[in-house]
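Here is the structure we will look at, set down as structure tokens.
Residue numbers (our numbering): 1264 to 1312.
Structural data, given as structure tokens:
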């Protein structure tokens, strides 16, 4: 859902989507100021530490 919204707005995904061993998924996008932003979807039952 989020990936489609980003694509609809012509925001390029610079890496991913990737799934970690815990089942969480993540992508990276570039911010206009040159920073890279990581968007994470945590797997069900995975705690944020």
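A virtual CB, placed ideally from N, CA and C, is assigned to each residue, including glycine.
Alpha carbon of residue i to alpha carbon of residue j, nearest angstrom
i: residue 1306; j: residue 1272; result: 26 Å
i: residue 1264; j: residue 1270; result: 10 Å
i: residue 1310; j: residue 1292; result: 24 Å
i: residue 1301; j: residue 1308; result: 20 Å
i: residue 1298; j: residue 1268; result: 20 Å
i: residue 1266; j: residue 1274; result: 9 Å
Bounding residues of the beta strand (DSSP E) (the contiguous stretch that carries residue i)
i: residue 1311; result: Looking at the DSSP string, residue 1311 is not in any beta strand (DSSP E), and its letter there is neither H nor E.
Collapsed DSSP secondary structure at residue i in the structure displayed
i: residue 1268; result: helix
i: residue 1297; result: coil
i: residue 1305; result: coil
i: residue 1274; result: coil
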